[in-house]
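If you're matching positions, the sequence shown starts at 2 in my numbering and goes up one per residue. Think of the CB as a built atom: it goes at the ideal place given N, C-alpha and C, for glycine as much as any other residue. Small disclaimer: the values here were computed from a predicted structure and weren't measured. Read through the structure below, which is laid out as structure tokens, and then see the notes.
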Amino acid sequence: MNSTIVIFPGTNREHDMVMAVQQASGKKPNFVWYNDTSFPKTDLIIVPGGFSYGDYLRSGAMAARSPAMNSVLEYASKGVPILGVCNGFQILTEVGLLPGALIRNKNLKFICRNVSIKVEVDDSIFTSRYSKGQILSIPVAHNDGNYFASEGLLQELHDKSQIAFKYTDQSGRVDASTNPNGSCENIAGILNAQKNVLGLMPHPENATDRNLGGIDGRPLFQSLVDAIT
């Protein structure tokens, strides 16, 4: 499996992502710099976390206008899987690959801790190794992770089964008390309508090693390997 990680000024999770992908696939991803317009042959593109361009203007807004994102848009239109995590999720919404927006956390504070999330769909290329309703423990680290969508868009996300993950607790309860950042309907991650693009705020790449807190993120990468190979 050939994979590519897009790096912007301020990206800081690319090496964590390399370890997660290499663990699942046995092959190290390629790096592509933000101003590159041509990618190596790739089966998967990852937009990792960090603070691209220092989050100036708006989280992900400047990165979305980088030359490399034109290639990401082209690959996405051809059905190539695209994964955006944290700042990567923000960038994918800014570039229009995913609907909605990520805004400032409701409590106006940076959040860095493990959270519980519930798997809402298990029939996507990203979640086939999970079971619907499964509860995962995955770390978050963000200041602008509050997912916002209009009522009409939320209904569309439900109708098309595009909600991939929701914030919950270990018992599976989904309400305001289990929502770390104020996201609409506790949404932690969404798919595009074609189901080849996933964005999520939690960091699955940081939950792939028992010695570093757990392995609940590992099946996401294994699901991608299954789908691609």
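The DSSP-derived three-state label of PHE90 is helix.
For PRO41, no alpha helix (DSSP H) run applies, since DSSP gives it neither H nor E. Under the DSSP definition of a beta bridge, ARG114 partners with VAL141. Measuring C-alpha to C-alpha distances from LEU158 to each of ASN144, PHE127, ILE191, ASN147 identifies ILE191 as the nearest.
Between LEU98 and ASN36, the C-beta spacing is not below 8 Å.
Counting other Cβ atoms within 10 Å of its Cβ, GLN195 stays below 16 and is therefore classed as exposed. Put simply, the backbone Cα of GLN23 is about 30 Å away from that of ASN147.
In the DSSP assignment, ALA102 is bridged to PHE149. Residue environment analysis places PHE166 among the buried positions, since at least 16 neighbouring C-beta atoms fall within 10 angstroms of its C-beta. For ALA189, the secondary structure class from DSSP, reduced to helix, strand or coil, is strand.
Residue pairing by DSSP puts GLY215 in a beta bridge opposite ASP210. For the options ALA64, ARG59, LEU93, VAL116, the alpha carbon positioned closest to that of ALA208 is the one of VAL116. ALA69 sits close to VAL7, with the two beta carbons spaced by under 8 Å. Of all C-beta pairs linking the stretch 209-228 to the stretch 127-134, three or more are shorter than 8 Å, placing the two stretches in contact. Inclusion of GLY173 and GLY134 in the CB contact set at 8 Å is warranted, their separation being smaller than that value. Within the same chain, Cβ atoms closer than 7 Å to the Cβ of SER67 are found at PHE9, TYR35, ASN36, the five residues on either side in sequence being excluded.
ASN31 is bridged by DSSP to THR5. Listed as beta-bridge partners of THR12 by DSSP are GLY51. Secondary structure note for TYR168: it is in no alpha helix (DSSP H), and the uninterrupted beta strand (DSSP E) holding it is 164-169. Only exposed fits PRO41, as fewer than 16 other CB atoms lie within 10 angstroms of its CB.
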